[in-house]
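Have a look at the structure below before the remarks.
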Amino acid sequence: MYYDEYLLFHHIENAFSKYRILESLNELDDKGIRALNLSPFFWGQVFDALNTDVIISTSRIYDVNRFLRPRSEINIFKFMRFVKHHFNILFSKENIWKRNNIQTEKNWESRAIPIINFRELEEDLHTLEQNKEKILTLLFYRDKSYAHSDRSFALNKTEIHKNRIIKNREIESLIKLAYDLMRKYRLAFDGTKYAFPAANLNDFQNTLEMISPNMYRN
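Per the working numbering, the very first residue in the sequence shown carries number 205; after that it's consecutive.
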């Protein structure tokens with residue numbers, strides 16, 4: 205569980221970090237936009253690279269076919285189905301007590317390791333399946349435009365966009381869903397709390413001020 209789980213969390217963390225930077229670019233005020241326009245070619249390439257990376261990285265988390273069957277060894281569906289298959293081994297009270305050297309109910313509470321039941325797991329799997337349309341639309345764009353260049357997609361892009369659209373906030377929701385699931389089951393497994401490193405976006409604002417300090421003076 206540990207190695208694949210670590211790699212999956214790394215994919216989620218990478219997608220989240222790139223998304224936050226991209227979001228900060230989209231939310232710039234007029235001063236920030238004018239600062240970027242001092243070197244529009246460079247920042248245009250950065251914006252395009254971030255947008256592509258977010259699509260690719262998020263798709264890696266949800267790499268499945270149209271039946272939601274995993275197409276890669278490391279993705280959130282593979283992780284959740286592993287948990288389901290081995291649920292009684294991973295989350296039986298006896299095994300958790302032994303794994304964490306828990307002696308009493310009081311000791312259990314002090315460790316803040318939640319008890320999880322199989323019904324919760326089934327509900328979480330159902331939540332994943334409810335996101336099928338968003339997931340398949342994301343993978344559609346990944347396959348047709350970002351990972352490969354599909355000629356028919358490029359020639360008929362306007363028509364295709366009318367039928368299949370995924371918004372940035374929907375991509376963000378998929379990243380957060382994967383993170384919440386991994387955090388929940390890792391915490392229930394041994395009390396480890398996954399957390400994203402603090403995203404210090406102030407350094408981006410500081411960079412803009414260095415590029416054009418006059419624009420940021422009152």
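Backbone N, C-alpha and C define an ideal beta-carbon position, used for all residues, glycine too. These numbers were taken from a predicted model, which means no experiment stands behind them.
Would you tell me roughly how many angstroms separate the C-alpha atoms of residue i and residue j, rounded to the nearest one?
| i | j | result |
| --- | --- | --- |
| I375 | E298 | 38 Å |
| K371 | Q307 | 49 Å |
| P318 | H215 | 25 Å |
| S276 | N269 | 10 Å |
| K282 | L325 | 14 Å |
| K348 | L340 | 12 Å |
| I300 | V258 | 36 Å |
| K336 | F271 | 9 Å |
| I369 | K338 | 9 Å |
| N218 | D208 | 15 Å |
| E227 | D384 | 20 Å |
| M414 | R238 | 13 Å |
| E309 | K397 | 20 Å |
| F286 | Q409 | 42 Å |
Quickly, what does DSSP pair residue i with across the bridge? List them, please.
| i | result |
| --- | --- |
| P274 | V268 |
Buried or exposed for residue i, please, with buried defined as at least 16 other CB atoms from any protein chain shown within 10 angstroms of its CB.
| i | result |
| --- | --- |
| R423 | Not covered by the structure: residue 423. The range shown for the chain is 205 to 422. |
| N279 | buried |
| S314 | exposed |
| A316 | exposed |
| L242 | exposed |
| M284 | buried |
| S261 | buried |
| D407 | exposed |
| Y389 | buried |
| I320 | buried |
| D267 | buried |
With distances taken between CB atoms, is the gap from residue i to residue j smaller than 8 Å?
| i | j | result |
| --- | --- | --- |
| T378 | L342 | The identity of residue 378 in the sequence shown is Leu, whereas the question assumes Thr. Contact flag set, yes. |
| F393 | L294 | yes |
| L240 | M386 | no |
| L391 | G236 | no |
| R373 | S263 | no |
| F246 | F291 | no |
| K288 | L332 | no |
| L254 | K302 | no |
| I225 | A382 | no |
| F251 | L229 | yes |
| N304 | G395 | yes |
- Item | 4 or more residues per run - each alpha helix (DSSP H) lying fully within the segment 244-326 | 244-265, 280-289, 291-295, 297-304, 309-315
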